[in-house]
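Inspection log for the structure reproduced underneath, given as structure tokens.
Protein chains in written order, with this note's numbering: chain H, 1 to 345; chain R, 346 to 623.
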């Protein structure tokens with residue numbers, strides 16, 4: 001009887017060890033970097049991870065997810081976070097900083113921080129790249145390329161426009177931009193909501209996130225709409241007919257920041273990963289085809305498609321692009337999301 | 346020596362499962378309830394009041410429950426003949442049909458949902474067929490509509506309806522049909538008076554499973570419904586992650602859970618009634 005009981009106990013213990021591998025030893029796990037899904041995941045897998053391995057000899061894990069999901073996961077387990085390095089759009093970055101989820105970046109020890117353009121030098125977490133939102137369209141179906149945000153309201157695009165809801169930076173940035181176009185601002189988007197209501201007959205789909213919006217071009221579900229320059233690059237590389245154009249009002253640019261998570265057990269490696277992401281070598285490679293990620297290190301010279309479609313230099317970028325005030329936007333964003341639920345959905 | 350109660354022994358065997366449930370179901374549920382009681386002013390029922398007094402939120406709940414009804418009806422309508430064909434059809438047909446019924450269960454919901462997107466899209470199979478037949482000029486809007494969500498959910502949840510129906514129908518003695526026919530009942534009358542009442546336990550079990558699965562199907566609802574249609578699972582996700590409002594998200598979850606439990610107990614009561622009837 002006792003042997004049977006012993007057997008059962010050990011079986012249970014073994015089972016528990018199998019279910020919770022960290023039960024036996026609470027020691028180091030691999031560095032976990034929560035990048036974004038889609039183009040960024042692919043770019044980071046191909047360029048950043050190998051650079052990190054070469055620099056440190058250590059291995060790491062990419063766990064791609066949306067910014068909001070990163071925050072939820074870290075917040076749920078703040079004393080022992082499952083993620084070491086977070087990547088955030090401006091809105092979620094402010095939330096993460098506000099809630100005390102990030103470690104200040106060790107600026108003094110950094111080799112590349114001083115080389116970043118001033119906008120990218122953020123002590124809570126520097127920006128390794130910019131994102132750009134403009135108009136995307138299917139050139140097979142939309143013969144005259146659009147030139148302005150206002151083109152989306154043209155009757156000829158009835159049932160062909162795709163947008164996202166306000167859960168994403170893309171959706172919120174678009175709302176603010178069209179509010180501005182109609183006399184509003186970051187603090188007053190009433191005109192933007194009215195414009196989206198007027199857009200309803202043209203809307204073919206309100207995608208749940210920017211990744212889904214990009215794939216809708218592939219399925220022919222939508223043919224024109226606001227789009228992220230990088231989100232469409234993978235599709236374009238695979239031969240999907242989709243093009244990007246900066247509207248004459250100026251495309252929306254925002255920085256993406258990278259953060260060491262508070263209480264991370266891998267702080268040293270996290271720092272090294274971020275250093276790799278800021279280095280001119282990695283940024284230059286990421287700017288190349290098919291990733292076309294806009295660099296922030298002033299030592300990287302803009303070339304190729306990025307220079308052709310977006311800006312020839314960082315100064316040019318600052319001149320041509322619209323930067324929104326996310327501190328102001330974030331104050332009201334939650335109520336806008338609620339309002340979108342009520343008025344648009 | 347007193348006879349050992351069989352029931353007592355069985356309870357002991359269920360202890361590991363009970364422990365599992367306490368750890369992974371009851372405990373999280375209590376935490377969820379605790380979170381839902383938090384508000385700016387301390388512990389209170391404010392989050393519940395906010396949900397229950399808000400016509401918009403109640404509308405989302407109502408739409409979600411109604412969606413479940415529509416999906417369940419469609420599954421029953423399509424599933425009953427399928428189960429009937431399996432039970433009464435020729436013997437060689439049975440393995441084919443059971444494969445057809447089970448095949449969806451062997452594929453991931455995400456894959457099946459994407460298949461629906463390919464079929465229902467603007468340039469999907471349905472629309473291209475209709476356009477090339479000359480029946481329509483411009484593609485119909487099927488995706489991102491409530492109709493699309495219902496069809497996709499019905500496809501995804503169909504096995505949950507068909508399997509209990511097959512079990513119930515195969516328990517009915519085929520002689521019953523002959524007896525009712527011999528007593529002068531027509532095919533329809535025999536069906537309504539004999540087959541349907543006798544298969545009621547299966548119908549109720551199937552409806553309950555389909556209903557519960559349909560209203561909580563986050564993936565299919567959000568992929569086929571898009572960002573414009575808001576059902577309870579997406580509402581909870583949005584409050585919890587996009588808005589970081591955990592207390593409200595927890596309160597919505599508890600309200601949703603209570604509503605689903607209420608619906609399930611109605612089905613259970615119907616099930617007891619039908620067994621008494623049969």
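Just so you know, even glycine gets a beta-carbon here, dropped at the ideal spot from N, CA and C.
Note that the structure is predicted; figures quoted are calculated from it, not measured.
At least one CB of chain R lies nearer than 8 Å to the CB of residue 219(H). Secondary structure remark: continuous beta strand (DSSP E) runs of at least 3 residues inside the stretch 147-193 of chain H, in chain order: 161-164. Between the alpha carbons of residue 192(H) and residue 250(H) lies a distance of about 17 Å. Residue burial is scored here from C-beta neighbours: residue 379(R) has fewer than 16 other C-beta atoms within 10 angstroms and is therefore classed as exposed.
Contacts with chain H at 8 Å (Cβ-Cβ) include residue 589(R). Given a length threshold of 3 residues, each whole run of the beta strand (DSSP E) inside the stretch 54-91 of chain H is given here in chain order: 60-62, 85-88.
The three-state secondary structure of residue 259(H), taken from DSSP, is strand.
Restricting attention to 153(H), 96(H), 173(H), the CA atom closest to the CA of residue 134(H) is found in 173(H). Only buried fits residue 597(R), as 16 or more other CB atoms lie within 10 angstroms of its CB. In the structure shown, residue 580(R) falls within a helical segment according to DSSP collapsed to helix, strand and coil. Its chain contains 462, 465, 466, 569 as the residues whose beta carbon lies nearer than 7 Å to that of residue 488(R), once the 5 sequence neighbours on both sides are disregarded; these appear in chain order. Straight across, the Cα-Cα distance linking residue 425(R) with residue 507(R) is about 7 Å. Burial check for residue 313(H): the Cβ neighbour count within 10 Å stays below 16, so the residue is exposed. Interface residue (Cβ-Cβ distance to chain H less than 8 Å): residue 381(R) is not classified as such.
Straight across, the Cα-Cα distance linking residue 194(H) with residue 338(H) is about 15 Å.
Between residue 554(R) and residue 505(R) a beta carbon distance of about 4 Å is seen, short of the 8 Å cut, so the two are scored as contacting. When DSSP states are grouped into helix, strand and coil, residue 384(R) belongs to the strand group.
Against chain H, the CB of residue 407(R) has no partner CB under 8 Å away; the residue lies outside that interface. For residue 585(R), the C-beta contacts it makes with chain H under 8 Å involve 72, in order along the chain. For the stretch 142-167 of chain H, residues whose beta-carbon sits nearer than 7 Å to a beta-carbon of chain R comprise 159, 164, 165, 167. A Cβ-Cβ contact shorter than 8 Å links residue 91(H) with residue 330(H).
Within chain R, 586 have C-beta atoms less than 8 Å from the C-beta of residue 69(H), given in sequence order. Interface flag for residue 443(R) against chain H is unset, since no Cβ pair is found closer than 8 Å. Contact of residue 495(R) with chain H is not assigned, every C-beta pair being separated by 8 Å or more. At least 8 Å separates the beta-carbon of residue 602(R) from that of residue 405(R). When DSSP states are grouped into helix, strand and coil, residue 223(H) belongs to the coil group.
The beta carbons of residue 243(H) and residue 139(H) sit about 5 Å from each other, so the pair counts as a contact at 8 Å. Contact check between the stretch 483-498 of chain R and the stretch 201-219 of chain H: three or more CB pairs, one atom from each, fall below 8 Å, which counts as touching. Exposure of residue 455(R) is indicated by the presence of fewer than 16 other C-beta atoms within 10 angstroms of its C-beta.
The beta carbon of residue 204(H) sits closer than 8 Å to some beta carbon of chain R. Between residue 334(H) and chain R, the shortest Cβ-Cβ separation is below 8 Å. Residue burial annotation: residue 579(R) is buried, with at least 16 other C-beta atoms found within 10 angstroms of its C-beta.
Against residue 571(R), the close residues of chain H are 205, 206, 207, 208, in the order they occur along the chain (beta-carbon pairs closer than 7 Å).
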